[in-house]
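One rule links them: number in this note's numbering = place in the sequence shown (from 1) + 515.
Ideal placement from N, C-alpha and C gives every residue a C-beta, glycine not left out.
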Amino acid sequence: MAQPILNVDNLEVAFSFPDGEYKALQGISFSVEPNEVVGIVGESGCGKSLTSLSVMGILPRNAHITKGDIQLNGEELIGLSEKKWQTLRGQKISMIFQEPMTSLNPLLTIGRQISEVLKKHTRLSKEERKNRTIEIMKEVGLPRAEELYSSYPHQLSGGMRQRVVIAIALVGEADLIIADEPTTALDVTIQAQILELFGEIKRKRNASMLFISHDWGVIRQICDRVLVMYAGYIIEQGPVSEIVNNPKHPYTKGLILSIPDHRKRGEKLHTIAGRVPTLKERKGGCPFADRCAYAMEICRSEYPKSHEVSEQKVSCHLYTQGVGVV
Ligand SMILES: Nc1ncnc2c1ncn2[C@@H]1O[C@H](COP(=O)(O)OP(=O)(O)OP(=O)(O)O)[C@@H](O)[C@H]1O
Ligand SMILES: [Mg+2]
Numbered sequence: 516m517a518q519p520i521l522n523v524d525n526l527e528v529a530f531s532f533p534d535g536e537y538k539a540l541q542g543i544s545f546s547v548e549p550n551e552v553v554g555i556v557g558e559s560g561c562g563k564s565l566t567s568l569s570v571m572g573i574l575p576r577n578a579h580i581t582k583g584d585i586q587l588n589g590e591e592l593i594g595l596s597e598k599k600w601q602t603l604r605g606q607k608i609s610m611i612f613q614e615p616m617t618s619l620n621p622l623l624t625i626g627r628q629i630s631e632v633l634k635k636h637t638r639l640s641k642e643e644r645k646n647r648t649i650e651i652m653k654e655v656g657l658p659r660a661e662e663l664y665s666s667y668p669h670q671l672s673g674g675m676r677q678r679v680v681i682a683i684a685l686v687g688e689a690d691l692i693i694a695d696e697p698t699t700a701l702d703v704t705i706q707a708q709i710l711e712l713f714g715e716i717k718r719k720r721n722a723s724m725l726f727i728s729h730d731w732g733v734i735r736q737i738c739d740r741v742l743v744m745y746a747g748y749i750i751e752q753g754p755v756s757e758i759v760n761n762p763k764h765p766y767t768k769g770l771i772l773s774i775p776d777h778r779k780r781g782e783k784l785h786t787i788a789g790r791v792p793t794l795k796e797r798k799g800g801c802p803f804a805d806r807c808a809y810a811m812e813i814c815r816s817e818y819p820k821s822h823e824v825s826e827q828k829v830s831c832h833l834y835t836q837g838v839g840v841v
């Protein structure tokens with residue numbers, strides 16, 4: 516098999532608080548293969564954003580990587596100097612956030628912000644940079660690109676701003692694009708259009724992406740495989756269709772049953788009782804045990820090893836103990 520674009524192995528991230536260290540990610544292992552879009556789902560606070568920020572080398576100040584490896588095209592990223600990180604970002608990995616204004620500079624024109632990436636990472640002339648910028652603006656569906664080139668972010672709608680951010684992410688031809696809830700801040704109709712654009716990027720550019728969303732509809736539309744996160748762990752991963760049609764982990768089952776169109780006629784919408792434990796509430800064992808209808812004694816004391824069931828990997832004692840399908 517070809518070398519993965521991204522390979523994360525046994526990653527652990529901890530926060531330093533005045534009263535001690537608290538693990539926010541544990542045993543995170545996954546890969547993104549060439550031309551593959553990998554989704555990350557899970558409730559709020561499960562560690563989706565922290566996972567992507569680790570790969571971008573932009574963790575919050577009080578967070579640090581305590582274990583593991585992150586390799587991009589075989590190159591180890593952990594321990595790189597800030598200078599190396601800066602050349603990597605934009606050129607090898609680019610990121611799209613939920614709120615476009617976090618990535619845009621309100622004082623610079625759209626054209627300048629896109630062509631800046633080319634200035635930093637290529638040897639194109641000024642004119643070539645402008646032409647390439649106009650081209651990419653058209654590709655991401657920005658109308659009247661020539662005119663928009665000299666506009667400022669505040670003159671654009673939210674959806675158009677997100678298209679600009681996507682253009683910035685694409686123009687450097689990064690090996691990996693990370694999108695963290697890129698449509699969540701937009702109106703429903705605009706959301707659909709931006710998703711359509713991601714679909715096109717996937718088809719036409721064969722892009723490799725890590726795509727975070729709490730919306731299974733979005734995951735099903737865009738992703739090939741999905742990582743399901745719970746309280747800092749990946750508890751299940753596999754091809755999207757397998758996970759949606761045949762979830763193995765009780766948490767994933769609960770999430771899938773909460774999708775409105777998975778409800779059988781007349782059935783009430785399922786919700787998983789309880790909530791995700793905060794960092795300080797997390798103890799040993801499986802973090803889902805307190806909310807799990809199938810929890811056994813071992814679940815409270817030992818975190819389950821990852822278990823392979825056809826193309827899925829699941830970390831649940833129902834499988835390590837041979838109890839099997841619930
Ligand atoms: N700067 C920070 N300081 C302290 N704790 C943090 C910080 N950032 C994140 N956390 C904690 O780390 C955990 C994971 O957070 P993360 O932002 O990755 O969640 P998420 O899955 O992206 O959630 P959401 O769906 O709400 O975006 C949470 O418990 C969160 O409270
Ligand atoms: Mg997040």
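Local Cβ density within 10 Å of residue i, reported as buried at 16 or more and exposed below that
i: ALA684; result: buried
i: VAL851; result: Residue 851 cannot be examined here, being either before or after the span of the chain that is shown, 516 to 841.
i: ILE573; result: exposed
i: ALA694; result: buried
i: GLY557; result: buried
i: ILE585; result: buried
i: MET811; result: exposed
i: SER567; result: buried
i: VAL733; result: buried
i: LEU784; result: exposed
i: LYS820; result: exposed
i: VAL791; result: buried
i: PRO668; result: buried
i: VAL743; result: buried
Per DSSP, cross-strand counterpart(s) of residue i
i: LEU742; result: ILE555, GLN752
i: SER544; result: Answer is none; SER544 lacks a bridge partner.
i: ASP584; result: ASP524
i: GLY829; result: A small fix is needed here, since residue 829 is Val in this sequence, not Gly. VAL829 is bridged to GLU751, HIS822.
i: LYS538; result: ALA529
i: ALA578; result: PHE530
i: ARG604; result: ILE608
i: PRO591; result: For clarity, residue 591 is Glu in the given sequence; the question names Pro instead. Answer is GLN586.
Nearest-angstrom Cβ-Cβ length linking residue i and residue j, presumed shorter than 8 Å
i: ALA539; j: GLY747; result: 5 Å
i: ARG676; j: PRO615; result: 4 Å
i: LEU521; j: VAL570; result: 7 Å
i: VAL679; j: LEU619; result: 7 Å
i: PRO762; j: TYR809; result: The pair is not a contact, with the Cβ atoms about 13 Å apart (cut-off 8 Å).
DSSP state of residue i mapped onto helix, strand, coil
i: GLY560; result: coil
i: MET675; result: helix
i: VAL655; result: coil
i: VAL824; result: strand
i: GLY572; result: coil
i: THR808; result: Per the sequence shown, the amino acid found at residue 808 is Ala instead of Thr. Of the three classes helix, strand and coil, the one that applies to ALA808 here is coil, per DSSP.
i: ALA694; result: strand
i: ARG597; result: Residue identity differs from the one stated: residue 597 is Glu in this sequence, not Arg. The answer is helix: DSSP assigns GLU597 an H, G or I state.
i: GLU642; result: helix
i: GLU688; result: coil
i: GLU757; result: helix
i: GLU614; result: coil
i: ILE649; result: helix
i: LYS798; result: coil
i: TYR834; result: helix
i: ILE787; result: coil
i: ARG517; result: It should be noted that the sequence gives Ala, not Arg, for residue 517. Coil.
First through last residue of the beta strand (DSSP E) which encompasses residue i
i: LEU521; result: 521-532
i: SER609; result: 608-611
i: SER816; result: Careful: SER816 lies outside any beta strand (DSSP E), inside the alpha helix (DSSP H) at 812-816.
i: PHE713; result: No beta strand (DSSP E) contains PHE713, which is instead part of the alpha helix (DSSP H) from 703-720.
i: ILE727; result: 723-727
Bounding residues of the alpha helix (DSSP H) (the contiguous stretch that carries residue i)
i: SER630; result: 625-636
i: LEU770; result: 765-772
i: GLN736; result: 731-737
i: LEU663; result: 660-663
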